[in-house]
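>
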Amino acid sequence: MRNTQLITVAGYVLTLLALPVVAGDFEDGQKFFANKDYVRAVESLTKSAEQGNIKAQLQLGIRNFIGLSMPQNYQQAAFWYHKASEQGSSSAQLQLGGMYDDGIGIEQDYQQALTWYLKAAEQGNSVAQIKLGNMYTNGNGVIQDYIEADKWFIIADASGHSGGNKNRKLVEKHMTPEQVNEAKKRAGDWTAERKLP
475 MRNTQLITVA
485 GYVLTLLALP
495 VVAGDFEDGQ
505 KFFANKDYVR
515 AVESLTKSAE
525 QGNIKAQLQL
535 GIRNFIGLSM
545 PQNYQQAAFW
555 YHKASEQGSS
565 SAQLQLGGMY
575 DDGIGIEQDY
585 QQALTWYLKA
595 AEQGNSVAQI
605 KLGNMYTNGN
615 GVIQDYIEAD
625 KWFIIADASG
635 HSGGNKNRKL
645 VEKHMTPEQV
655 NEAKKRAGDW
665 TAERKLP
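Residue numbering for the sequence shown follows the working numbering, starting at 475 and increasing by one per position.
(1) Based on Cα-Cα distance, which residue from A523, G598, E581, G526 lies nearest to D631?
(2) On the CB-based measure, 16 or more other CB atoms within 10 Å of its CB, does V668 come out buried or exposed?
(3) Whole angstroms are fine: how far does the CA of Y574 sit from the CA of I580?
(4) Taking buried to mean at least 16 other C-beta atoms within 10 Å of its own C-beta, is K557 buried or exposed?
(5) When the Cα of E652 is compared with those of I629, N641, Y620, which residue comes out closest?
(6) Output needed for Y584: all residues of its chain with C-beta closer than 8 angstroms, excluding positions within five of it in sequence on either side, in chain order.
(7) In chain order, which continuous runs of the beta strand (DSSP E) of length 3 or greater are located wholly inside the region 515–590?
(8) Between P545, I604, I628, which lies nearest to K658 when the distance is taken from Cα to Cα?
(9) On the CB-based measure, 16 or more other CB atoms within 10 Å of its CB, does N655 come out buried or exposed?
(10) Whole angstroms is fine: what's the gap from S559's alpha carbon to I536's?
(11) Are there 16 or more other CB atoms within 10 angstroms of the CB of M564, so buried, or fewer, so exposed?
(12) According to DSSP, is T665 helix, strand or coil?
(13) Compute the beta-carbon to beta-carbon distance between D624 and E646, rounded to the nearest angstrom, for a pair I have assumed lies under 8 angstroms.
(14) Which of the three DSSP states is assigned to N639 in this structure?
(15) Could you check how far apart the C-beta atoms of L570 and Y555 are, in whole angstroms? I think they sit under 8 angstroms.
(16) Is the beta carbon of S522 closer than 8 angstroms to that of A530?
The structure is reproduced here in structure tokens:
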């Protein structure tokens, strides 16, 4: 029993000692990028990302996706977005959903897009909420459903995304007053369950 406790305590100590290194590698990477030392910057960011730093993973995803300070590499972007998404980054989930939605660098897969957009939307990401509304409006990977689309546009509008109101007006032209009321009810229920604004 004592050996197990010692091993557990040792594990906690090693984890705590490693945390500043992870943060340090990320911060070093930022400094190297600022100084245009891209080789060292990528090395530091990659080391930090491999150790689980979500900010480093997201940044590598972004930099690989747009080719910022490194060659554009969609497969690496998807890899790092996926790592950060699994840790709960709504920004990474949105980006990964977009890659699947548009088939950029990976095979187009609306179900995967829907999955990642939903995860981001659940965290209050208003852009992901708009993307979900668009999927339901157009029937991409889902059965076309104006009520569900309007629900997501209402939620995005309440989250402060200007596209929410604009898209609501467009989709509601195809809906009856009863359908609009149902969309409002669904949006209200969704928001109440999550205690979002």
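Quick reminder that beta carbons are idealized off the backbone N, C-alpha and C, glycines included.
The structure says:
(1) When C-alpha distances from D631 are compared across A523, G598, E581, G526, the shortest belongs to G598.
(2) Residue identity check: residue 668 is Arg in the sequence provided, not Val. Note on R668: under 16 other CB atoms within 10 angstroms of its CB, so exposed under the neighbour-count rule.
(3) Whole-angstrom Cα-Cα distance: 7 angstroms.
(4) Per the 10 Å Cβ criterion, buried.
(5) Closest option to E652, Cα to Cα, is Y620.
(6) Correct list, in chain order: Y574, D575, M609, N614, G615, V616.
(7) Taken in chain order, the complete beta strand (DSSP E) segments of 3 or more residues contained in the region 515–590 number zero; there are none.
(8) By alpha-carbon distance to K658, the top candidate from P545, I604, I628 is I628.
(9) Label assigned to N655: exposed.
(10) For S559 and I536, the distance between alpha carbons rounds to 13 angstroms.
(11) Here residue 564 is Ser; the residue named in the question, Met, does not match the sequence. Looking at its Cβ environment, which holds 16 or more other Cβ atoms inside 10 Å, S564 is buried.
(12) If DSSP states are grouped into helix, strand and coil, T665 belongs with the helices.
(13) Contact flag correct, Cβ pair sits at about 6 angstroms.
(14) Three-state DSSP puts N639 in a helix.
(15) For L570 against Y555, the beta-carbon gap comes to about 4 angstroms, under 8 angstroms, which counts as contact.
(16) Yes.
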